[in-house]
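**Q** Encoded as structure tokens, here's the structure I'll be asking about.
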């Protein structure tokens with residue numbers, strides 16, 4: 003029945019259906035963004051938490067420093083006051099953060115709705131493959147955002163916000179700089195965690211093989227360590243390993259995914 007109905011639909015029918023899908027998505031995003039907008043204190047308490055020394059990662063480092071006698075890991079009394087330099091900046095940041103939150107919260111519904119639109123045109127095997135890809139891709143993206151929030155951004159912010167070329171130069175961090183850095187790193191980490199999914203598609207197109215990834219394993223490890231050192235410019239090895247380990251595990255996961263794809 004689905005195939006017969008699909009054949010009867012014209013191009014304009016498909017376009018009208020797509021318009022309805024986009025309208026439902028926009029309504030969901032706007033509704034959730036409005037809810038996030040009105041919960042301003044709760045929302046910004048979460049986003050601005052890494053600027054205070056009671057953040058969970060800093061407390062974890064303090065405990066490690068006390069238990070294993072590693073003073074270099076101790077966060078100490080850490081607090082950075084953010085400033086605002088433009089009249090409308092705080093209100094616009096409030097709106098943009100609420101919109102980003104609305105998109106993030108509505109992402110499961112967005113994916114479900116878009117998949118429902120293309121679902122009638124898919125064969126059973128194609129539908130099963132899409133489901134197998136969509137679920138891991140969403141989970142990996144969210145895990146990348148969580149890793150950035152709990153590990154990478156706090157470490158980067160703590161180092162850069164307290165770094166001084168001279169004691170006569172005082173750091174004044176603006177709210178817009180904080181939010182833009184947090185958003186950029188979240189998108190970068192979320193995208194980086196899609197490496198296994200990208201590797202799967204490249205393997206399906208016969209552009210890469212598991213042997214190729216294994217051959218360049220050492221090169222990839224060096225590249226990962228360099229990237230980890232750039233995004234978290236701290237001086238201790240523990241922090242470097244804390245950031246580089248998940249990225250290297252993603253590479254190994256990509257090797258497994260490509261190996262299984264090639265074998266099939």
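In our numbering, the protein residues as written are 3 to 266.
Just so you know, even glycine gets a beta-carbon here, dropped at the ideal spot from N, CA and C.
In chain order, which alpha helix (DSSP H) runs of at least 4 residues are fully inside the segment 71 to 132?
**A** You should have 91 to 120.
**Q** Taking only the alpha-carbon atoms, compute the straight-line gap between residue 214 and residue 128 and give it to the nearest angstrom.
**A** The count along the chain shown starts at 1 and reaches residue 214 at position 212. The count along the chain shown starts at 1 and reaches residue 128 at position 126. Each residue's alpha carbon lies about 27 Å from the other.
**Q** For residue 95, which residues in the same chain have their Cβ closer than 8 Å to its Cβ, ignoring the five residues on either side in sequence?
**A** For this step, residue 95 is matched to residue 93 along the chain shown. Around residue 95: 177, 178 and 181.
**Q** How is the alpha helix (DSSP H) around residue 155 delimited, first residue to last?
**A** Numbered from 1 along the chain shown, position 153 holds the residue referred to as residue 155. Start and end: 155 to 164.
**Q** Between residue 264 and the rest of its own chain, which residues show a CB-CB distance below 7 Å, the 5 nearest in sequence each way excluded?
**A** Numbered from its first residue, the chain shown carries residue 264 at position 262. Answer for residue 264: 205, 211 and 212, listed in chain order.
**Q** Determine whether the beta carbon atoms of residue 146 and residue 195 lie at a separation below 8 Å.
**A** In the chain shown, the residue the question calls residue 146 occupies position 144. In the chain shown, the residue the question calls residue 195 occupies position 193. In this structure, residue 195 lies closer than 8 Å to residue 146 by Cβ.
**Q** Do residue 256 and residue 230 have their CB atoms nearer than 8 Å?
**A** The sequence position of residue 256 within the chain shown is 254, counting from 1. The sequence position of residue 230 within the chain shown is 228, counting from 1. Their beta carbons are not under 8 Å apart, which means residue 256 does not touch residue 230 by this criterion.
**Q** Residue 23 and residue 117 look like a contact to me (Cβ under 8 Å); what is the Cβ gap, rounded to whole Å?
**A** In the chain shown, counting from the first residue as 1, residue 23 sits at position 21. In the chain shown, counting from the first residue as 1, residue 117 sits at position 115. Incorrect: roughly 10 Å between the Cβ atoms, too far for contact.
**Q** Within the same chain, show all residues whose beta-carbon is closer than 8 Å to that of residue 82, passing over the 5 residues directly before and after it, in chain order.
**A** For the purposes of this step, residue 82 is identified with residue 80 of the chain shown, where counting begins at 1. Result list for residue 82: 53, 159, 163, 164, 173 and 175, in chain order.
**Q** Measuring straight from C-alpha to C-alpha, what distance separates residue 223 and residue 111?
**A** The count along the chain shown starts at 1 and reaches residue 223 at position 221. The count along the chain shown starts at 1 and reaches residue 111 at position 109. Distance between the alpha carbons of residue 223 and residue 111 is about 37 Å.
**Q** Rank 151, 197 and 169 by C-alpha distance to the C-alpha of residue 234 and give the top, closest one.
**A** Locating residue 234 in the chain shown gives position 232, where the first residue counts as 1. Cα-wise, what sits closest to residue 234 is 151.
**Q** Check this for me: beta carbons of residue 100 and residue 30, under 8 Å apart or not?
**A** Residue 100 sits at position 98 when you count from the first residue of the chain shown. Residue 30 sits at position 28 when you count from the first residue of the chain shown. In this structure, residue 30 does not lie closer than 8 Å to residue 100 by Cβ.
**Q** For the alpha helix (DSSP H) containing residue 264, name the first residue and the last one.
**A** For the purposes of this step, residue 264 is taken as the residue at position 262 of the chain shown. From DSSP, the alpha helix (DSSP H) with residue 264 extends over 239 to 265.
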